[in-house]
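Visitor: Using the working numbering, you'd call the opening residue of the sequence shown number 1 and step up by one each time.
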Amino acid sequence: MKITDSKSFGMAIRERRKKLGYTQKYISEFTGVSVSFLSDLENGKKTIELDKALKIANLLGLDMEINERG
Numbered sequence: 001m002k003i004t005d006s007k008s009f010g011m012a013i014r015e016r017r018k019k020l021g022y023t024q025k026y027i028s029e030f031t032g033v034s035v036s037f038l039s040d041l042e043n044g045k046k047t048i049e050l051d052k053a054l055k056i057a058n059l060l061g062l063d064m065e066i067n068e069r070g
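Structure below.
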């Protein structure tokens, strides 16, 4: 999935979490990140902290990569 904004990033996180069968509460308990943060992240809130967002993506087995457009 190509990530172009906070909304598409949030959708990717939500889809992967659901595919793995994890609840937001489970992720919250495992990482110490609040359920409200996870909800904001999945809903594409633009003021999300990048380090926390990347931590969640990593936990869900998602690799983040930046490529130059050709």
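We put the beta carbon where it would ideally sit given N, CA and C, even for glycine.
Considering only the alpha carbon of each residue, which of N43, S8, R69, K18 lies closest to G61?
Guide: The shortest Cα separation from G61 among N43, S8, R69, K18 belongs to K18.
Visitor: Between the alpha carbons of R14 and E42, how many angstroms are there, rounded?
Guide: One C-alpha to the other measures close to 6 Å.
Visitor: Can you tell me where the alpha helix (DSSP H) with K18 in it begins and where it stops?
Guide: Run containing K18: 6-20, per the alpha helix (DSSP H) assignment.
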